[in-house]
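Listed below in structure tokens is the structure:
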């Protein structure tokens, strides 16, 4: 295995609607900031990979448009995933492992504000049994929350505590969209949005993006004083038919964590749990217990740009390693509904 | 297309072992007209906004002007502008009016029209390089027989009536030839 | 793909236009989903037996655990038990019920897995996990999951 590190991270200030900007105008400053972070230009990058989905803004070939911001002419080596950018990073990491690249640029973004996101998300479901019912993504997540509540895996109070802690943590995150939270008791007094979920249990709808530079070995040491080395990375998927899954566990998180070498000895964990009830499932799957700081950024409950919120988790851990505030961390990203697919990445400072 | 033509290739025609298609036994009589296909419409509504640069471009169109934007590094003018230079990746900030006269950089004689707005066939769709721009706009040709259209031909846009102008490419009804000598193809290199 | 646009907005503000993207997919069902939706058209529900003997409903072509092709379709009941649910207070276009309702997972009698569908109910207080529900059939079946118009609560249809 080649040593590969995250050496630069940039993200947007996430907001409910970047209505005055098209997607390339929205992501260009983020792309530029990530490259500037290591003093690189696109000619220093061997491979570029992005993550986005045209359904979100209703913009056909949006990822081709945003390549303009990379400076894609003369032609560059690039690829794209219709997934969270964490999977684009995985592809880039793999490309570096093959020896075909020493450096890679990864970015992802979404502008979900032009559409009705909870309805658009139903297009991700199987088109025969679920798609024709147009279930919105909040009610869909509610099925998982109810299953967990019924099974005693969580309580409404624990869910509110997760929401409260994440949004209070977001106070120190300049990129967060939802910052600060009423008390847990006040949260529990609020009406249901989609019983058993209240507004605080749900992520905000966010426009925004993130960009990351990867480099191997000496190039990483050259570009960063303290590279965030990828010590393990893996992704796994559960079945797509939720009626045939046990919604109170996340086996693919546990398996990805095991394969990525997660051992619990972390300073920080950033987990991608868009709905409050999901954080406990992910932490259980990771085997991360007390003593680990969870989601100092506020997580996806503080800002949830689709296709980017997972890669942001990797970026948040890497940023803390690069600035010396953490020595070792674990990042988790999810894709699909109800934690169906999960990626786990172990990051570490040092040589 | 007949129903027969639309039948999918049977998986059984694939090499052995590549794929096994389930052949389920069904415990109830499903009649002699089993469902094989479903038409599943999926319509989504968006409130689309074009961004800063495209908004400037569209507002220019409402005044019958082509507003491109210049790459700060190469000096090339891109149209329609997206706000970013595809060569340098830097924001374009300087607006530059180009055209309206233009040169055909490529064309196609269309014999089968698609969509409700397609003109009567045959018609010519073409790429029009506005004077001063680095890239071409797409449109259709008019006022000329289709077999007389050629690369390098000089053209101008024909606009809708002034009271019909909106922030839309549909302001251009079509393009037509003008009485100027053709531009030699070698001068169009890099723009075709 | 149809893309419909119309221009709107004048003045110096933000340009915006409604954009409707419609995908008129014409999908093949394959033999298993085809048999299932044909069954719905005839007001009967089919599952399929998985490698470990469990009945998966709605049916899948391949065993979720082993990937082996599944072959034995079995008829299950038209009534069942709610295994999870959430309340849809803001109804959206295309949903089977255009009034507030429950989205639910329902394990039909004779099946070992649950089906996603909706329950017609007066309010969230009327629904509970474990509640018994039965199918309300669409008046004009077309061979689709929506041939089940919705589920209704046993003994208390709204």
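Residue numbers (this note's numbering), protein chains in the order written: chain A, 14 to 364; chain B, 103 to 294; chain C, 844 to 1001.
Where a beta carbon is used, it is the ideal one built from N, C-alpha and C, also for glycine.
query, result
"Once you ignore the five residues that flank residue 964(C) on each side, which residues in its own chain have a CB closer than 7 Å to its CB?", "944, 945, 970, 996, 1001"
"If we define contact as Cβ-Cβ less than 8 Å, is residue 275(B) a contact residue for chain C?", "no"
"Using a Cβ-Cβ cut-off of 8 Å, state whether residue 183(B) counts as contacting chain C.", "no"
"Quick check on residue 51(A): does DSSP put it in helix, strand or coil?", "coil"
"Buried or exposed, going by whether 16 or more other CB atoms sit within 10 Å of the CB of residue 247(A)?", "buried"
"Identify each residue in the region 856-875 of chain C for which the Cβ-Cβ distance to at least one residue of chain B is less than 9 Å, and report them in chain order.", "857, 858, 859, 860, 861, 862, 863, 864, 865, 866, 867, 868, 869, 870, 871, 872, 873, 874, 875"
"Determine, using beta carbons only, whether residue 328(A) and residue 24(A) come nearer to each other than 8 Å.", "yes"
"Since residue 19(A) and residue 299(A) should fall inside the 8 Å C-beta cutoff, what is the C-beta to C-beta distance between them, to a whole number of angstroms?", "About 19 Å separates the two Cβ atoms, so there is no contact after all."
"Compare the C-alpha of residue 273(B) against each of 161(B), 181(B), 283(B), 213(B) and name the closest.", "161(B)"
"Using the DSSP secondary-structure output, state which residues sit across from residue 240(B) in a beta bridge.", "229(B)"
"Have a look at residue 893(C) and residue 104(A) and give me their C-alpha separation to the nearest angstrom.", "34 Å"
"Run the CB neighbour count on residue 355(A), radius 10 Å, all protein chains shown included, and call it buried at 16 or more, exposed below.", "buried"
"Do residue 254(B) and residue 206(B) come within 8 Å of each other at the CB atom, strictly closer than that value?", "yes"
"Given this structure, state the Cα-to-Cα distance separating residue 962(C) from residue 340(A), to the nearest angstrom.", "51 Å"
"Short check: CB of residue 148(B) to CB of residue 858(C), under 8 Å?", "no"
"For a test of the three-state rule: what should DSSP assign to residue 182(A), helix, strand or coil?", "helix"
"Using the Cα positions of residue 243(B) and residue 223(B), report the straight-line distance between them to the nearest angstrom.", "12 Å"
"Determine which residues share a DSSP beta bridge with residue 247(A) and list them.", "357(A)"
"With a threshold of 6 Å on Cβ separation, who are the neighbours of residue 227(B) within its own chain once the five nearest residues in sequence on each side are excluded?", "210, 212, 242"
"State the start and end residues of the unbroken beta strand (DSSP E) segment that holds residue 198(B).", "196-200"
"Answer yes or no: does any C-beta atom of chain B fall closer than 8 Å to that of residue 889(C)?", "yes"
"Along the chain, where does the beta strand (DSSP E) containing residue 889(C) start, and where does it finish?", "888-892"
"Just mark residue 132(A) as buried or exposed, buried being the case when its beta carbon has 16 or more other beta carbons within 10 Å.", "buried"
"May I ask you to report which of helix, strand or coil DSSP gives residue 223(B)?", "coil"
"In this structure, does DSSP put residue 288(B) in helix, strand or coil?", "helix"
"Which value, in whole angstroms, describes the spacing of the CA atoms of residue 262(B) and residue 202(B)?", "14 Å"
"What span of residues does the beta strand (DSSP E) with residue 86(A) cover, start to end?", "Looking at the DSSP string, residue 86(A) is not in any beta strand (DSSP E), and its letter there is neither H nor E."
"Determine the chain A residues that contact residue 331(B) at a beta-carbon separation under 9 Å, and present them in chain order.", "Residue 331(B) lies beyond the stretch modelled for chain B, which goes from 103 to 294, so this question has no answer here."
"Start and end of the alpha helix (DSSP H) containing residue 156(B)?", "154-163"
"May I ask which residues mark the beginning and end of the alpha helix (DSSP H) holding residue 184(B)?", "From DSSP, residue 184(B) is part of no alpha helix (DSSP H); its letter is neither H nor E."
"Please compile the residues from chain B whose C-beta is within a distance smaller than 7 Å of the C-beta of residue 881(C).", "132, 136, 137"
"Quick check on the burial criterion: 16 or more other C-beta atoms within 10 angstroms. Buried or exposed for residue 56(A)?", "exposed"
"Could you work out which residue in 919(C), 869(C), 990(C), 900(C) is closest to residue 939(C) when comparing CA atoms only?", "990(C)"
"Ignore the nearest five residues each way along the sequence and tell me which others in residue 852(C)'s own chain have a CB closer than 7 Å to its CB.", "No answer about residue 852(C) holds up, because its pLDDT of 38 lies below 50 and its placement is not dependable."
"Using a beta-carbon distance below 8 Å, is residue 956(C) in contact with chain A?", "yes"
"Are the C-beta of residue 240(B) and some C-beta of chain A separated by less than 8 Å?", "no"
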